[in-house]
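See structure below.
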Amino acid sequence: MAPPSPSPTKTGNLAVGLAGQPVDYSFRELKKVSDLVFESPVSGTARRPAVNGDGNAEGYLDSIVAEGARQGTKLNATSVRLCNNQLISLAGLDRTMYHVLDDPQELVWLDASCNQIQTIDEIVTSFPNLQVLYLHGNQLWHLSEVLKLQKLPHLKKLTLHGNQIAEQRNYKLWVVAHLPHLRSLDFSTITNLDRDKVDNWFRGYQKVQAAKA
Numbered sequence: 084m085a086p087p088s089p090s091p092t093k094t095g096n097l098a099v100g101l102a103g104q105p106v107d108y109s110f111r112e113l114k115k116v117s118d119l120v121f122e123s124p125v126s127g128t129a130r131r132p133a134v135n136g137d138g139n140a141e142g143y144l145d146s147i148v149a150e151g152a153r154q155g156t157k158l159n160a161t162s163v164r165l166c167n168n169q170l171i172s173l174a175g176l177d178r179t180m181y182h183v184l185d186d187p188q189e190l191v192w193l194d195a196s197c198n199q200i201q202t203i204d205e206i207v208t209s210f211p212n213l214q215v216l217y218l219h220g221n222q223l224w225h226l227s228e229v230l231k232l233q234k235l236p237h238l239k240k241l242t243l244h245g246n247q248i249a250e251q252r253n254y255k256l257w258v259v260a261h262l263p264h265l266r267s268l269d270f271s272t273i274t275n276l277d278r279d280k281v282d283n284w285f286r287g288y289q290k291v292q293a294a295k296a
């Protein structure tokens with residue numbers, strides 16, 4: 084079952100609730116993000132049609148990135164599904180979104196769950212309006228990877244369960260402490276009581292780290 088779709092919201096002056104359903108590239112056996120330019124989405128409407136499978140993805144992306152975002156107030160989509168593929172990273176996501184979205188900077192919701200992703204690529208932080216990020220069911224090993232997401236000030240919902248990092252001691256406390264804007268982790272709402280618990284734990288954690296320094 085696919086994770087829940089994004090609900091209507093507003094980003095800047097654009098009504099992203101009017102942007103249509105997620106552009107869905109799930110179950111396409113993608114090994115690189117840029118491979119999706121050769122595929123038609125399962126559902127949703129991409130900005131551009133799939134290109135010929137014999138084409139050069141990088142050359143094609145160079146040309147459309149140079150054109151920039153499509154101007155206008157109504158966008159084709161602000162959410163994308165890349166789940167259930169064979170991706171080992173999200174490298175090239177920024178360029179490839181020019182094929183998928185009218186305005187990549189307005190990406191709000193990204194599902195990259197159930198792949199083979201081993202690190203959180205810095206490229207994710209090039210989407211300043213990202214609010215929802217699904218990364219569960221991947222191969223993330225190091226909690227420190229989560230620190231990269233501090234550059235996403237609007238990130239509200241995050242999933243990381245099904246990764247090795249979720250097995251580490253105090254995983255949820257650590258993640259919520261370092262991403263204070265989160266409202267939901269692994270599909271569980273972060274309550275005020277949770278916040279109090281995190282704050283108490285983090286004070287103790289900081290003391291321990293200071294003692295080690």
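Under the working numbering, the first residue of the sequence shown carries the number 84, and numbering increases by one thereafter.
Note that the Cβ used here is the ideal one computed from N, Cα and C, for glycine as well.
Segment limits, alpha helix (DSSP H) that includes residue i
i	result
residue 256	254 to 261
residue 242	No alpha helix (DSSP H) contains residue 242, which is instead part of the beta strand (DSSP E) from 240 to 242.
residue 294	275 to 295
Rounded distance between the beta-carbons of residue j and residue i, thought under 8 Å
i	j	result
residue 169	residue 114	5 Å
residue 243	residue 249	6 Å
residue 204	residue 164	Not really, about 17 Å apart at Cβ, beyond 8 Å.
residue 161	residue 189	5 Å
residue 261	residue 229	6 Å
residue 307	residue 192	There is no way to answer for residue 307, as the model of the chain reaches only from 84 to 296.
residue 218	residue 251	Not confirmed; about 15 Å, so no contact.
residue 259	residue 277	7 Å
Cβ neighbours of residue i in the same chain (closer than 8 Å, five flanking residues each side left out)
i	result
residue 167	109, 110, 196, 197 and 198
residue 144	117, 120, 175, 178, 179, 181 and 182
residue 201	171, 172, 221, 222, 223 and 224
residue 233	261 and 262
residue 289	none
residue 95	Legend: pLDDT at residue 95 = 36, less than 50; position of this residue unreliable, value from coordinates given subsequently. Excluding positions up to five away in sequence, the list reads 189 and 212.
residue 285	256 and 260
Limits of the unbroken beta strand (DSSP E) element including residue i
i	result
residue 164	162 to 164
7 Å Cβ cutoff, residue i in contact with chain D
i	result
residue 124	Although the question refers to chain D, the structure presented lacks it and comprises just one protein chain.
Own chain, CB closer than 6 Å to residue i, minus 5 neighbours either side, in chain order
i	result
residue 185	130, 153, 158 and 159
residue 223	246 and 248
residue 291	none
residue 270	none
Spatial neighbours of residue i in its chain, beta-carbon cut-off 7 Å, leaving aside the 5 residues before and after
i	result
residue 112	168 and 169
residue 126	104 and 107
residue 235	208 and 213
Segment contact, 8 Å Cβ cut-off, at least three pairs: the segment 265 to 274 with the segment 239 to 246: yes
Touch test, the segment 176 to 195 against the segment 120 to 133, Cβ-Cβ under 8 Å, three pairs minimum: yes
Contiguous beta strand (DSSP E) assignments of at least 3 residues, all confined to the segment 174 to 219: 192 to 194 and 215 to 217
Complete runs of the beta strand (DSSP E) confined to the segment 129 to 168 [at least 3 residues]: Correct list: 162 to 164.
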